[in-house]
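Chains as they are written, first to last, in the working numbering: chain A, 158 to 352; chain B, 17 to 181. C-beta atoms are modelled at their ideal positions from N, C-alpha and C, and glycine is treated no differently. Worksheet for the structure shown next.
Following this line, the structure appears as structure tokens:
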């Protein structure tokens, strides 16, 4: 009985996949540009996801820090280190939140670089088609549509990156001021003790 | 907090421009697909007589999106005052000239061999029969050519006035 059910489920699964491929190829055949746009958007979002949520998280945390809240240090330390154990060994919890945020920001740098490289290559190919340096009636519009789809997550990454680096810069300035105030206080206390 | 607002405005402006670009890109592709499926009638832009080859070369523009194929050409020769040649008609010369979309193509029409060279005032009325991929119908375009007279509009006006009288 179970085996029969399994085979029925398997048959339905295969039928759904075959139907899906059929419908997908129909859409691709009739609207190649729209499909290329969606693929460019989803594919680049896949790579941009880490950057978008990373920069978004950094901007949020830094804004909260600026507003006077105290964010959870362990959570931020986990973003920077490979694992909680590594975070402990690196003594990340001894650092200030602003320092952790700036480390988090710079840990996203290689991903950002690779992402912009990928976008630039796509953009370059579509520009080559657009300027008729390479010309193809079939691939030209498709390459352009992929670039347009990729431009949406790229714009998000770019805007959030600007925002995150601005807030982290502000948080660092605030943290440095606090440290200076503390050290001057300590210095004056020391002076009083000396007297 | 001035800076976040500036970043927001900058991103919004770029997003608007990007959306405009995407919208116009899709409009352009759909419209060009529609236009590419419409056959147009060819336009004869220029006709020039080649004395050595004894032929007339027509520059024909295909303004539409589908390729047109000229399958046959006919012409009527009417002598002017200077010519000693008699009037004659050559019809249904099979040719195969493809006019690609949006391009000016040169089509050569060879005059009857053994006849005299064209003199000023001689007229050749050429009729091209063409087909397009959407139907099996035959279409024609007729072009009057008068040797030595620049204004192309003169010939059809004259024929019209004759018909009126």
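Asked	Found
Contact criterion: CB-CB distance below 9 Å. Does residue 324 of chain A meet it with respect to chain B?	yes
If you measure between the beta carbons of residue 250 of chain A and residue 230 of chain A, is that distance less than 9 Å?	yes
Taking CB distances under 9 Å as the criterion, tell me whether residue 320 of chain A reaches chain B.	yes
Tell me whether residue 56 of chain B sits in a helix, a strand or coil according to DSSP, three-state version.	coil
Starting from the beta carbon of residue 312 of chain A, find every residue of chain B whose beta carbon is closer than 7 Å, and list them in chain order.	27, 30, 31, 34
Do you know offhand how far residue 17 of chain B's Cα is from residue 32 of chain B's?	With a pLDDT of 47 at residue 17 of chain B, under the threshold of 50, the modelled position of that residue is not reliable, and the figure given next carries that caveat. Each residue's alpha carbon lies about 24 Å from the other.
Below 7 Å on C-beta distance, what does residue 301 of chain A contact in chain B?	41
Check whether the Cβ of residue 81 of chain B lies closer than 9 Å to any Cβ atom in chain A.	no
With contact counted as at least three CB pairs below 8 Å, one residue from each stretch, are the stretch 33-46 of chain B and the stretch 79-91 of chain B in contact?	no
Using the beta-carbon of each residue, which ones in chain A are nearer than 8 Å to residue 118 of chain B?	Per Cβ cutoff of 8 Å: no residues; residue 118 of chain B is ~12 Å from chain A at best.
For a cutoff of 9 Å on Cβ pairs, would you count residue 298 of chain A as touching chain B?	yes
Who does residue 25 of chain B pair with in a DSSP beta bridge?	The partner list for residue 25 of chain B (beta bridge, DSSP) is empty, contrary to what the question assumes.
Starting from residue 51 of chain B, find everything on chain A with Cβ-Cβ shorter than 8 Å and list it in chain order.	Residues of chain A passing the Cβ test: none, with the nearest at roughly 13 Å.
Tell me, which residues are paired with residue 66 of chain B by DSSP?	B:71
If I follow the unbroken beta strand (DSSP E) through residue 113 of chain B, where does it start and stop?	104-115
Taking the C-alpha atoms as reference points, what is the distance between residue 52 of chain B and residue 121 of chain B?	18 Å
Nearest to residue 152 of chain B by alpha carbon, out of B:55, B:161, B:70, B:59?	B:55
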